[in-house]
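**Student:**
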Amino acid sequence: MTSPRTRRLAVLASGQGTNLRALLEAPELGGSIVVVLSDRPDAGALAVAREHGVAAEALDAGSLGARLSGNAEAAWLERLARAEVDTILLAGFMRILDARFLAAYPGRILNIHPSLLPAFPGTHSIARALAHGVRVTGCTVHLVDAGVDEGPILDQTAVAVHGDDTLETLTARMHAAEHALYARAVRAFLTRPFTLEGRRVVWQ
Ligand code: GRF
Numbered sequence: 023m024t025s026p027r028t029r030r031l032a033v034l035a036s037g038q039g040t041n042l043r044a045l046l047e048a049p050e051l052g053g054s055i056v057v058v059l060s061d062r063p064d065a066g067a068l069a070v071a072r073e074h075g076v077a078a079e080a081l082d083a084g085s086l087g088a089r090l091s092g093n094a095e096a097a098w099l100e101r102l103a104r105a106e107v108d109t110i111l112l113a114g115f116m117r118i119l120d121a122r123f124l125a126a127y128p129g130r131i132l133n134i135h136p137s138l139l140p141a142f143p144g145t146h147s148i149a150r151a152l153a154h155g156v157r158v159t160g161c162t163v164h165l166v167d168a169g170v171d172e173g174p175i176l177d178q179t180a181v182a183v184h185g186d187d188t189l190e191t192l193t194a195r196m197h198a199a200e201h202a203l204y205a206r207a208v209r210a211f212l213t214r215p216f217t218l219e220g221r222r223v224v225w226q
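Residues in the sequence shown are numbered from 23 upward in steps of one, following my numbering.
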């Protein structure tokens, strides 16, 4: 598989939007963020998008908790198609995407996760790494597949855990590392061809 070199990006976010802000303010991302969608009307990410003049909408996610319901999924896909989006960036999006969503954007959905995957997938990864006593953690940008935080790894960055770290201090350094990593990984994804050898992303 080669990099699709696509350029119309959507960001899906549920939280405060610091990763979104970093992407919006990154020089030479390699594409334009044309729409930001959230499952939460109060998500800070929507305000960040509007501040940058980007279309931002909260859409109903249905009542399936961790997933988009079938009806909701159709509406989200319709909104993305209307914006002529070709690549989707998950940035703190707290819903799992099902097969129909993945099939609409094959190999073109990226996620950022606050751990060195495959360690600590799922939620509360920073707290779990700290409680586990790891000396090094970090963040991962990966392609999204049907698993949770399981797709092929595009890029990672390591973050040292200090002896006196609290959840707050480690989280602050993790976020700074995420912001640099996500922009770098998106730029590479959009501008550098790669092949997949099994799970391995091999940059050309
Ligand atoms: C980030 O730590 C991201 O890795 C995780 O959720 C957090 C979102 O933060 N999946 P923000 O909304 O980008 O500030």
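We put the beta carbon where it would ideally sit given N, CA and C, even for glycine.
Please read all numbers here as calculations on a predicted model, not as lab measurements.
1) For residue 118, I'd like the list of residues in its chain whose CB is within less than 7 Å of its CB, leaving aside the five on either flank, ordered along the chain.
2) Can you give me the Cβ contacts of residue 206 inside the same chain, cut-off strictly under 7 Å, excluding the 5 residues immediately before and after it?
3) Return the chain-ordered ranges of every beta strand (DSSP E) run that is complete within the stretch 153-194 and spans a minimum of 3 residues.
4) Using a Cβ-Cβ cutoff of less than 6 Å, which residues in the same chain neighbour residue 39 once the five nearest sequence positions on both sides are dropped?
5) Measuring straight from C-alpha to C-alpha, what distance separates residue 25 and residue 149?
6) Beta-carbon within less than 7 Å of residue 62's beta-carbon, same chain only, minus the 5 sequence neighbours each way: which residues are those?
7) Straight-line CA distance for residue 27 to residue 140?
8) Quick one: what's got a C-beta closer than 6 Å to residue 116's C-beta in the same chain, skipping five residues either side?
9) Determine the contact status of residue 166 and residue 212, defining contact as a CB-CB distance below 8 Å.
10) Would you check whether the ligand GRF has a heavy atom nearer than 7 Å to the C-beta of residue 190?
11) What beta strand (DSSP E) runs, 3 residues minimum, are completely inside the stretch 38-110?
12) Quick check on residue 201: does DSSP put it in helix, strand or coil?
13) Buried or exposed: residue 220, going by 16 or more other Cβ atoms within 10 Å of its Cβ?
14) Looking only at its own chain, which residues have a Cβ that is under 6 Å from the Cβ of residue 105, when we skip the five neighbours before and after it?
**Tutor:** Based on what the coordinates show:
1) Around residue 118: 88, 89 and 170.
2) Only 177 meet the Cβ criterion.
3) Restricting attention to beta strand (DSSP E) runs no shorter than 3 residues, the stretch 153-194 encloses them at 158-165 and 175-182, ordered along the chain.
4) In the same chain as residue 39, and ignoring 5 residues on each side of it, the C-beta atoms closer than 6 Å to its own belong to 66, 67 and 70, in chain order.
5) For residue 25, the predicted structure reports a pLDDT of 49, less than 50, and the residue's modelled location is therefore unreliable. The matter cannot be settled from this model.
6) So the qualifying residues of the chain are 36 and 80.
7) At residue 27, the pLDDT of 47 sits below 50, so the modelled position is not reliable; the number obtained from the coordinates is stated separately. Residue 27 and residue 140: Cα-Cα distance of roughly 27 Å.
8) By the criterion of a C-beta distance shorter than 6 Å, residue 116 is surrounded in its chain by 36, once the five residues flanking it on both sides are discounted.
9) No.
10) For residue 190, the CB stays at least 7 Å from every heavy atom of the ligand GRF.
11) 54-60 and 77-80, all fully within the stretch 38-110.
12) The answer is helix: DSSP assigns residue 201 an H, G or I state.
13) Exposed, since its Cβ has fewer than 16 Cβ neighbours within 10 Å.
14) The residues are 56 and 57.
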